[in-house]
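Residue numbers (the working numbering): 1223 to 1953.
Every residue gets a Cβ at the ideal spot worked out from N, C-alpha and C, and that includes glycine.
Structure record follows, encoded as structure tokens.
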Ligand code: ADP
Ligand code: ZN
């Protein structure tokens, strides 16, 4: 495959196609010795000397309209270079399949009988089937699709087509109507008068809006400091200038609450999310490209929204890992947004209560403007956070997920009519199934990772590959067969049971990816919590972010250590973020709030800093460590991952990669340090053995060159697949 933007080829444009072939449109060209006809993107049209090179001609043009603007071409070229993908791959990823495939043709055709035809139905000479079709359609209360009409009359499409040709049936192509925001009755809200912090933040942002080459802005505001109102008033300014804004939020935050907040303030917004149909997506893309949309709100890929006059990009919860795509091209929306903002000379606002160290470091270096909003709206205090040392409870033989302290706090909160959020970042019932007689642990046959017991259907599930089997009653080890197999480790299902048993008279709801499978279930659950039908909300990290419920006065973190002991540079950072974010869900109203964090490591710096709401303290401790170990944000990192069905071939291949890099550096000079190769933390996944190699360097270009060098030099065995993940976020 191709290796980067150098993969652009020159073709001649035949006279009859000149004017039709423009940058950002697609063409058919002959490729290779066999002159295969392939689809390609035109990235530039130039007049130049091509000397004695034999150039081929473009065969045909495919688009009547430009799919990719010049800015977007420049941005995708940058992405291809930065993420070591081919430009073509990046373009394919950026333009929704629906748009490339002209999904518009799959819009619905609606048939009706023109009035003048309907009046003279009886006088027409028709076959019996045609007669049935026409009378049925004329009698219908609204237009019908050809499919529905054929079904109703029990005929094929033939008589319908004939009638359409004779113009006895009129056809109209229409987009299927979905619930759009503009269609809904949204209660209008007016601008809030800003707090001092908000007003100062807005002034700084507007100064950047006016700047000729705006600097990105880190809006570091504690939870409940009113960041959204700042975004909204900044966007208003952009719209007043006839421009558009893009607001990127984590997928999980695309709740009705988020949509509502923007839709109640702006006309003509477009919401992009991953559950849209092709037709819907295509329609939104066209709407946005036409310039009619003022504000685009969407998850990661909305960074590619084709706004013709972009005025601002906002990335809310900039630290969120869902902004990184985990398939080719493995881009991070934050980096892409920064590039797009630079190309289109618009400000980028990165908002969060817990900045990623990458962003924070850039702000400290002066690359980004830093705005702080350290106070909550109305000077509400941040909630008091206490740790509960679970080591103590272990020694007294206490069992269960809820400590005595947490139990008492829950009881008090319920008596005071408050609401409670309990966070546990593990779904399922028991997370550990082991035979006490022989020690056998029940594992996934494809991944060799412990299976989790799900009581809802009595299965054991692999949380990595979704392998399912019936939960064993006896030890599956043939030599043992002991009947007292033990289910331990606590997941959200078990926590839910415990809460139900302990607080039986209070309604509770569980939110995790198991209960939230059906579209709309997320919204429905949150609505029940909002209207206080439900008093206790139990769930995984999906409940830790963005929710704004003033009646929540208690948050319990069941196990703060779940992320802490991962072999990942960001383990501490993730833990700090998770605790801070979930703590931020409480004390948002006038009722105050408290947070209890259960942990076996109460003295861990990340947990300690989180209990004090002290981001600066966290960063101060973490940054020197990152510097000493040559890690992000100081050095660049690339993670190379290889997988294959047999362990020796993968291991051997990775050894070659490592040696090749060492050789490359010896020749070229410079410094790349290598960690590994070693089996990946998830060593076997879906039947494939996995190895990884982490590269660190202060020189990004050198690492890129090293990876490209490996791609050229090493013959990859057929069964081995390898990728290079630039700025990896999973280790
Ligand atoms: P953040 O995103 O920083 O966590 P939010 O934007 O959710 O904070 O704001 C917290 C709460 O304060 C929301 O309920 C919001 O409506 C309210 N709010 C924001 N700005 C103001 C203001 N200037 N005056 C009154 N209430 C405000
Ligand atoms: Zn598995």
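Asked                                                                                                      : Found
Among 1905, 1904, 1906 and 1885, the one whose alpha carbon lies nearest that of residue 1896              : 1885
Coarse secondary structure for residue 1639, derived from DSSP in three states                             : coil
Residue 1358 to residue 1550 span [Cα, whole Å]                                                            : 51 Å
Same chain, Cβ closer than 6 Å to residue 1944, neighbours up to 5 away in sequence not counted            : 1864
CB contact flag (residue 1858, residue 1922, <7 Å)                                                         : yes
Paired residues, beta bridge with residue 1536 - DSSP                                                      : 1469 and 1571
Strand pairing of residue 1897, partner residues [DSSP]                                                    : 1916
Residue 1411 CB to nearest heavy atom of ligand 1 below 6 Å                                                : no
Extent of the continuous beta strand (DSSP E) run through residue 1584                                     : It is not in any beta strand (DSSP E) - residue 1584 instead sits in the alpha helix (DSSP H) that spans 1579-1586.
Distance CB(residue 1394)-CB(residue 1332) smaller than 7 Å                                                : yes
Pair within 7 Å by beta-carbon distance, residue 1558 and residue 1519                                     : no
Those residues which DSSP pairs with residue 1673 across a bridge                                          : DSSP lists no partner for residue 1673.
Whole-angstrom distance between residue 1904 and residue 1913, CA atom to CA atom                          : 9 Å
Residue 1499 versus residue 1598: straight-line alpha-carbon distance, rounded                             : 39 Å
Residue 1416 CB to nearest heavy atom of ligand 1 below 6 Å                                                : yes
Reduced DSSP secondary structure (H/G/I, E/B, other) of residue 1531                                       : coil
Where residue 1727 falls, given that 16 or more other Cβ within 10 Å makes a residue buried                : exposed
Beta carbon of residue 1575 nearer than 7 Å to that of residue 1445                                        : yes
Pairwise C-alpha distance: residue 1317 and residue 1502                                                   : 14 Å
beta-carbon residue 1445 near ligand 1 non-hydrogen atom, thresh 6 Å                                       : yes
Candidates 1919, 1627 and 1817: closest to residue 1892 by CA position                                     : 1919
Cβ-heavy atom distance, residue 1451 to ligand 1, below 6 Å                                                : yes
Candidates 1888, 1910, 1878 and 1941: closest to residue 1933 by CA position                               : 1878
At least three beta-carbon pairs within less than 8 Å, the stretch 1269-1282 to the stretch 1228-1237      : yes
Span of the alpha helix (DSSP H) around residue 1462                                                       : 1449-1462
Distance CB(residue 1927)-CB(residue 1883) smaller than 7 Å                                                : no
With 16 other Cβ atoms within 10 Å as the buried cut-off, status of residue 1399                           : With a pLDDT of only 42 at residue 1399, under the threshold of 50, the placement of this residue in the model should not be trusted; the figure read from the coordinates follows. The residue in question, residue 1399, is exposed, as its Cβ has fewer than 16 Cβ neighbours within 10 Å.
Inter-stretch contact at 8 Å, needing at least 3 Cβ pairs: the stretch 1277-1291 / the stretch 1235-1249   : yes
Contact set for residue 1711: own chain, Cβ-Cβ below 6 Å, skip 5 residues either direction                 : 1652, 1653 and 1654
Check: residue 1770 C-beta below 6 Å from any heavy atom of ligand 1                                       : yes
Cutoff 6 Å; reference residue 1931; Cβ partners in own chain excluding five residues on either side        : 1886
Presumed contact (8 Å Cβ cut-off) between residue 1807 and residue 1761, rounded CB distance               : Not quite, the Cβ-Cβ distance comes to about 11 Å (not below 8 Å), so this is no contact.
Neighbourhood of residue 1723 by C-beta, 7 Å cutoff - its chain only, sequence neighbours within 5 removed : none
CA-to-CA distance, residue 1770 to residue 1375, given in whole angstroms                                  : 52 Å
Short Cβ contact (7 Å threshold) for residue 1639 with residue 1581                                        : no
Cβ distance (whole Å) where residue 1915 is taken to contact residue 1853 below 8 Å                        : At roughly 15 Å, the Cβ-Cβ gap does not stay under 8 Å, so residue 1915 and residue 1853 are not in contact.
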